[in-house]
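In the numbering used here, the protein residues as written are 92 to 374.
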Amino acid sequence: MKLNLFLLPALLLVLIFVSESRSQSSEAGIMFGTVTYKGELNKSLFTPRFLRPSVGIHYRKNMNNHWAHRLGASYGVIEADDASAEDDYQKRRNLSFRSPIIDFHYLLEFNFFPYQIANPKSSFSPFLFVGINGFIFDPQAELNGEWVRLQPLGTEGQGTNAYPDRKKYNRFQIGIPFGGGVKFKLSRRFGMSVEAGVRRLYTDYLDDVSTTYADKAVLLAASGEEAVLLSDRSVDGQSLDNTDRQRGNAADRDWYMFTGFTLNYSLSKRYNDNCTPFKGKLR
């Protein structure tokens with residue numbers, strides 16, 4: 092259902108972008124930056140030790156000097172662990188994960204100052220954006236030197252009769268991206284932007300942690316020994332029965348954030364010259 096809800100507006104947006112629009116200038120860009128996440132294993136988007144490299148590409152159509160549409164894709168691998176946390180509970184829980192993130196997004200941008208690379212009067216502008224995104228993720232944990240995919244194992248009892256309210260989560264999800272930055276003109280055809288964009292998500296399983304510990308006998312019967320070992324890695328997990336004890340917080344959904352520098356190239360010499368967000372003339 093979520094996939095269908097995303098594909099329909101995505102298809103409409105693609106049709107908008109590919110339709111002929113002679114009154115709009117266009118740009119392409121490539122981004123290099125970082126990605127990080129906030130969830131059960133990392134309480135802040137701004138934890139330096141969990142920053143990881145990311146890359147991205149985008150295509151922008153400028154409606155005028157102030158408003159622009161943007162379609163893009165970004166990629167990075169998020170990761171975090173309890174072992175380096177300051178919180179004693181997290182250290183005892185002792186979970187860790189990594190997950191690739193493939194992010195597809197549509198953004199509506201607003202420039203505070205008149206700005207287009209093709210416009211010789213432009214120099215720089217702060218900007219804000221908001222939109223919709225779809226992303227694919229695949230949480231994994233290391234076991235005996237190998238990375239094991241967690242979603243198929245149902246580490247919290249997802250997909251078992253013992254936990255009928257816990258369905259296996261979909262690895263494709265949607266979110267609400269928003270953020271901002273600054274655009275700079277470098278030359279007649281090139282510009283640069285610096286930005287940070289967070290994603291407000293509707294899943295709490297980005298790190299495969301959300302609710303309580305499942306019964307190990309149930310996990311063993313459903314998914315085997317790997318599911319048992321990766322569901323409870325706490326320092327006392329082998330000696331105590333942690334069934335139904337708190338493992339995560341389902342009320343606090345996960346987030347992730349891309350930050351970076353983007354090199355932009357103007358694909359056209361035409362631009363909509365204007366000084367207000369709503370009026371202008373083609374040049």
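Glycine residues also receive a C-beta, built at the ideal position from the N, C-alpha and C atoms.
I'd like the list of long-range same chain contacts for Leu358, defined as Cβ closer than 8 angstroms, with 5 residues on each side in sequence excluded.
Around Leu358: Ser116, Ser117, Glu118 and Ala119.
Using the beta-carbon count (16 or more within 10 Å), is Ala159 buried or exposed?
buried
Who are the Cβ neighbours of Phe204 in its own chain at under 6 angstroms, not counting the five residues just before and after it?
Ser216
To the nearest angstrom, how far is the alpha carbon of Leu310 from that of Val300?
15 angstroms
Going by the DSSP bridge assignment, what does Arg151 pair with across the sheet?
Glu118 and Arg161
In or out: Tyr304 buried (at least 16 other Cβ within 10 Å) or exposed?
buried
Which whole-angstrom value is the C-beta distance of Gly167 and Phe352, which I expect to be below 8 angstroms?
Contact doesn't hold; Cβ gap of about 14 angstroms is too wide.
Same chain, Cβ closer than 7 angstroms to Lys129, five either side skipped, listed in chain order
The residues are Ser135, Leu136, Asp345 and Trp346.
I need the boundaries of the alpha helix (DSSP H) containing Arg184, first residue and last residue.
In the DSSP assignment, Arg184 falls within the unbroken alpha helix (DSSP H) covering Asp179 to Arg184.
Should Asp173 be labelled buried (16 or more other beta-carbon atoms within 10 Å of its own) or exposed?
Taking all protein chains shown into account, Asp173 has 16 or more neighbouring C-beta atoms within 10 Å of its C-beta and is therefore buried.
Between the beta-carbon of Gly147 and the beta-carbon of Ala171, is there less than 8 angstroms?
no
Just reading off the alpha helix (DSSP H) that Leu320 is part of, what are its end residues?
From DSSP, the alpha helix (DSSP H) with Leu320 extends over Glu316 to Ser322.
For Val273, which of Phe220, Ala341 and Glu131 has the nearest alpha-carbon?
Phe220
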